[in-house]
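Q: Below are the structure tokens for one structure; questions will follow.
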Amino acid sequence: MRQGLFTVLSNRPLARAVHEMRLAGDASAMAAAGQFVNVKVGNAYLRRPLSPADWDEGWLTLVYKAVGPGTAWLAERAQGETLDLLTGLGRGFDPGAAGERPLLVGGGAGLPPLFRLARELVALGKKPRLVMGFASGEDVFYEKAFKALLPVTVYTEDGRAGTRGRVTDDPPRAEDTFLYACGPLPMLRALSALPLPGQMSLEERMACGFGACMGCTIMTRSGPRRVCAEGPVFPKEELLW
Ligand SMILES: Cc1cc2nc3c(=O)[nH]c(=O)nc-3n(C[C@H](O)[C@H](O)[C@H](O)COP(=O)(O)OP(=O)(O)OC[C@H]3O[C@@H](n4cnc5c(N)ncnc54)[C@H](O)[C@@H]3O)c2cc1C
Ligand code: FES
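Here is the structure:
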């Protein structure tokens, strides 16, 4: 974990209530897709966790949905402003765990870390595919960016983009070797029934974000685990529904 100041390079709307913020600063503590940063938002006591969509040593990109005061505050930040981030938190996805053809499934605000993961899988010579789901056509983001990397199927519940339905309507394919998923709990619960090994990222409510308060503890097959420290990514088989 590292604490540092980051400068806003850009902060632009991508879709309904969804924004992309590019930040310059020391991101060298980020080691795996699915790890998260904890952002200080205004005078709020609790930081807000976000899993970067991408990074390199001197920058990182956040994609976030404005759902409450913290993320609404972020959406108002302008180029040149400074943010205080804890970086390199938690355990991320292991791209080495997948076979040849990983299946990535993401819902809404759960999609950002899958962008970095997709880049890593492609760099390893694997042939991933992505199923992405949103409530509405107005919510779709990063479709083009993902399509530049891998085959993508889009589902929206209102049918205004892609296929009408949910990611869980997508039939598994015989060639899928491994599942990586991030999104709302009902989506993850439904995906847990797929007969594939996998890893899932849980977006539990958090307080400290670095393992000190126990506020994010969940029960797993191996006993209690802190989502912020032993997760947020867990082996699919470890999770209890
Ligand atoms: C490890 C991790 C990574 C995350 N990555 C991203 C990301 O890349 N992009 C993104 O948009 N969001 C992400 N989130 C969710 C994000 O942290 C919350 O949306 C944010 O903290 C909300 O803060 P707020 O002050 O705007 O809203 P709040 O007032 O705190 O909450 C507004 C509403 O959102 C709900 N909510 C808040 N936090 C969560 C949560 N963690 N899970 C489910 N519902 C929640 C609340 O119950 C409430 O209904 C992530 C969460 C975790 C734990
Ligand atoms: S949020 Fe404090 S231990 Fe996880």
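Sequential numbering from 4 applies to the sequence shown in the numbering used here.
Think of the CB as a built atom: it goes at the ideal place given N, C-alpha and C, for glycine as much as any other residue.
Please confirm whether any heavy atom of ligand 1 lies closer than 7 Å to the CB of LEU53.
A: Yes, the beta carbon of LEU53 sits closer than 7 Å to at least one heavy atom of ligand 1.
Q: For a test of the three-state rule: what should DSSP assign to THR180, helix, strand or coil?
A: Three-state DSSP puts THR180 in coil, outside helix and strand.
Q: One question on the structure: do PHE9 and THR85 come within less than 8 Å of each other, judged by their Cβ atoms?
A: Yes, the pair counts as a contact, with Cβ atoms nearer than the cut-off.
Q: Just to confirm, is the Cβ distance from CYS231 to GLY212 under 8 Å?
A: Going by C-beta atoms, CYS231 is nearer than 8 Å to GLY212.
Q: For ASP172, name the three-state secondary structure that DSSP assigns.
A: Of the three classes helix, strand and coil, the one that applies to ASP172 here is helix, per DSSP.
Q: Is CYS185 near ligand 2 - that is, is its Cβ less than 7 Å away from at least one heavy atom of it?
A: Checking every heavy atom of ligand 2 against the Cβ of CYS185, none is found closer than 7 Å.
Q: Would you list the residues sitting across from PRO116 in a DSSP beta bridge?
A: Answer by DSSP bridge pairing: none, since PRO116 is not bridged.
Q: Give the range of the alpha helix (DSSP H) segment to which PRO189 is assigned.
A: Looking at the DSSP string, the run of the alpha helix (DSSP H) that includes PRO189 is 188-194.
Q: What residue range does the alpha helix (DSSP H) around GLY61 cover?
A: That residue, GLY61, is in no alpha helix (DSSP H); it is neither H nor E in DSSP.
Q: Indicate the three-state DSSP secondary structure (helix, strand or coil) for LEU133 in the structure shown.
A: Reduced to three states, the DSSP call for LEU133 is strand.
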